[in-house]
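Going line by line, the protein sequences match chains F and E. Under the UniProt record's numbering, residues 1 to 131 are what the first sequence spells out, in order. Under the UniProt record's numbering, residues 1 to 270 are what the second sequence spells out, in order.
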Amino acid sequence: MAAAVAMETDDAGNRLRFQLELEFVQCLANPNYLNFLAQRGYFKDKAFVNYLKYLLYWKEPEYAKYLKYPQCLHMLELLQYEHFRKELVNAQCAKFIDEQQILHWQHYSRKRMRLQQALAEQQQQNNTTGK
Amino acid sequence: MAASSSGEKEKERLGGVSVMAGVGSTRERLLSALEDLEVLSRELIEMLAISRNQKLLQLDEENQVLELLIHRDGDFQELMKLALNQGKVHHEMQALEKEVEKRDSDIQQLQKQLKEAEQILATAVYQAKEKLKSIEKARKGAISSEEIIKYAHRISASNAVCAPLTWVPGDPRRPYPTDLEMRSGLLGQMNNPSTSGVNGHLPGDALAAGRLPDVLAPQYPWQSNDMSVNMLPPNHSSDFLLEPPGHNKENEDDVEVMSTDSSSSSSDSD
Numbered sequence: 001m002a003a004a005v006a007m008e009t010d011d012a013g014n015r016l017r018f019q020l021e022l023e024f025v026q027c028l029a030n031p032n033y034l035n036f037l038a039q040r041g042y043f044k045d046k047a048f049v050n051y052l053k054y055l056l057y058w059k060e061p062e063y064a065k066y067l068k069y070p071q072c073l074h075m076l077e078l079l080q081y082e083h084f085r086k087e088l089v090n091a092q093c094a095k096f097i098d099e100q101q102i103l104h105w106q107h108y109s110r111k112r113m114r115l116q117q118a119l120a121e122q123q124q125q126n127n128t129t130g131k
Numbered sequence: 001m002a003a004s005s006s007g008e009k010e011k012e013r014l015g016g017v018s019v020m021a022g023v024g025s026t027r028e029r030l031l032s033a034l035e036d037l038e039v040l041s042r043e044l045i046e047m048l049a050i051s052r053n054q055k056l057l058q059l060d061e062e063n064q065v066l067e068l069l070i071h072r073d074g075d076f077q078e079l080m081k082l083a084l085n086q087g088k089v090h091h092e093m094q095a096l097e098k099e100v101e102k103r104d105s106d107i108q109q110l111q112k113q114l115k116e117a118e119q120i121l122a123t124a125v126y127q128a129k130e131k132l133k134s135i136e137k138a139r140k141g142a143i144s145s146e147e148i149i150k151y152a153h154r155i156s157a158s159n160a161v162c163a164p165l166t167w168v169p170g171d172p173r174r175p176y177p178t179d180l181e182m183r184s185g186l187l188g189q190m191n192n193p194s195t196s197g198v199n200g201h202l203p204g205d206a207l208a209a210g211r212l213p214d215v216l217a218p219q220y221p222w223q224s225n226d227m228s229v230n231m232l233p234p235n236h237s238s239d240f241l242l243e244p245p246g247h248n249k250e251n252e253d254d255v256e257v258m259s260t261d262s263s264s265s266s267s268d269s270d
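What follows is the structure in structure tokens.
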């Protein structure tokens, strides 16, 4: 408790708070974690909801550049809506979001693989016609 | 006798006639003057004819009639001159009216053109304002391309936004921080000072994933960077209801219970 109070006042405390908030906001990209929070009723707590609103400052460019998982910002935006928070209590919802996230994550590598395949096929054709 | 009575009647008539001369429009006056002249000349001719037959000298009446005739003729001449002048004035008036019409139409034309010009200018000004607004907006959000490239590099190199090319279902890597990473971070370490690293927790998982070197490292790049050492979060107002205790309490609960719950789900996903 004393540590928490000290954290708010001095500079080092603020830096620590920055790191903690950075970690926490990125944890929001994990749909399983969101499901966990929903099931424990954190989303019903007004203070928590206000905290989520406060965390929106990570959208500013000078803060966003520290985010390694930028998907967390989209999740943060969605979390501002009560309907979304209520839906997250279902495990199916979290699983769906997880699947979609992973599929989207693979989107670019799949695209690249397809391009590579197309390029390889084209080269093969060129080789056969050349010969 | 007959002649004198007729002369009296004549005087009355002529008296009536001369009264009418000053009233009415020029046209009426002209017409009445003409009538009078007609009447007078007829009278005179009658009198001359009668006097020639009767050989009586009726000089007085003849003189009177003559005088009246001459007088009326004089009036008639004046009226003609007046009519002529009025005609000229009327012509001038018509010409001026034409001029006025022309000027009117000119003014209307100019008015139309002015309205058109105003409209064109208004649209031009509006579009210019819109452009200025968008310029301001663009300038506000200006970021150096180098920074953007650096950032893009950072988030793609660590497979945070693009899956690794060798990814297969069963690979524990995810586009979000997994519970392993979460627990080994600052949030997790804050409430579990006894555990050093995550070797004690789930060594099996870590080994299976083949990510042992990562696991050994206590800090992940997503948690803090060298460059973020001097970064400060915005000062929060006292909006949250139970701010400081609530803040810590969440982390505590999350980190402890997470280990039992979602560890199964993350390794189950196919």
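Each residue gets a CB set at the ideal place from its N, CA and C atoms; glycine is no exception.
- Only residues of its own chain outside the window of five on either side were considered, and among them Gln58, Glu61, Glu62, Val65 have a CB closer than 7 angstroms to the CB of Met47/E, listed in chain order.
- Of the residues assessed, Thr123/E falls on the exposed side of the cut-off, its CB having fewer than 16 other CB atoms within 10 angstroms.
- Within chain E, the residues placing a beta-carbon under 8 angstroms from that of Leu20/F are Leu186, Leu187, Met190, Asn251, ordered along the chain.
- If you compare the alpha carbons of Asn50/F, Asp98/F, Thr128/F with that of Tyr33/F, the shortest gap goes to Asp98/F.
- Secondary structure at Asp171/E: strand, using DSSP grouped into helix, strand and coil.
- Contact between Ala38/F and Gln71/F does not hold, since the beta-carbon distance rounds to 18 angstroms and is not under 8 angstroms.
- The three-state secondary structure of Thr129/F, taken from DSSP, is helix.
- Here Ser41/E is near Leu69/E, since their CB atoms are less than 8 angstroms apart.
- Counting the other CB atoms within 10 Å of its CB gives Ala12/F a total below 16, which places it among the exposed residues.
- At least one CB atom of chain E sits nearer than 8 angstroms to the CB of Lys65/F.
- In this structure, DSSP gives Asn85/E a helical state, which the three-state scheme calls helix.
- Interface residue (Cβ-Cβ distance to chain F less than 8 angstroms): Ile149/E is not classified as such.
- Within chain F, Ser109, Arg112, Met113 have C-beta atoms less than 8 angstroms from the C-beta of Leu165/E, given in sequence order.
- In chain order, Ala38, Phe43, Leu79 place their CB closer than 7 angstroms to the CB of Arg85/F, counting only its own chain and leaving out the 5 sequence neighbours on each side.
- Listed along chain E, the residues sitting closer than 7 angstroms to Arg17/F by beta-carbon distance are Pro233.
- Look at Arg139/E: its C-beta is not under 8 angstroms from any C-beta on chain F.
- From the beta-carbon of Tyr57/F, the residues of chain E found nearer than 8 angstroms are Pro233, Pro234.
- Within a 10 Å sphere around the beta-carbon of Thr129/F sit fewer than 16 other beta-carbons, which makes this residue exposed.
- Using beta-carbon distances, Val168/E does not count as an interface residue toward chain F, since no partner is under 8 angstroms.
- One thing to note: Trp105/F has its Cβ within 8 angstroms of the Cβ of Pro175/E.
- Only Ala91, Ala94, Lys95, Asp98, Glu99, Gln101, Ile102, His104, Trp105, Gln106, His107, Tyr108, Ser109, Arg110 from the region 86-110 of chain F bring a Cβ to less than 9 angstroms from some Cβ of chain E.
- With respect to Leu79/E, Arg29/E sits close: the two C-beta atoms are nearer than 8 angstroms.
- When only Cα atoms are considered, Lys137/E and Ile149/E end up about 22 angstroms apart.
- At a cut-off of 8 angstroms between C-beta atoms, Ala152/E does not count as an interface residue with respect to chain F.
- The three-state secondary structure of Asn90/F, taken from DSSP, is coil.
- Straight through space, the alpha carbons of Arg110/F and Gln124/F are spaced by roughly 21 angstroms.
- Below the 7 angstroms Cβ cutoff, chain E contributes Leu187 as neighbours of Phe24/F, in chain order.
- Per DSSP, the continuous alpha helix (DSSP H) segment holding Ser51/E begins and ends at 26-54.
- In chain order, Pro175 place their CB closer than 7 angstroms to the CB of Ala160/E, counting only its own chain and leaving out the 5 sequence neighbours on each side.
- Straight through space, the alpha carbons of Gln119/E and Asn50/F are spaced by roughly 50 angstroms.
- When the five nearest sequence neighbours on each side are left out, the beta carbons in the same chain lying within less than 8 angstroms of the beta carbon of Leu37/E are those of Leu69, Arg72, Asp73, Phe76, in order along the chain.
- Counting every other CB atom within 10 Å of its CB across the protein chains shown gives Pro233/E a total of 16 or more, marking it as buried.
- Ala12/F has a beta carbon lying at 8 angstroms or more from every beta carbon in chain E.
- Ranking Ser51/E, Gln86/E, Gly141/E, Val168/E by CA distance to the CA of Lys59/F puts Gly141/E first.
- Here DSSP, grouped into helix, strand and coil, assigns Gly74/E to helix.
- For Lys59/F, there is no enclosing alpha helix (DSSP H), as DSSP gives it neither H nor E.
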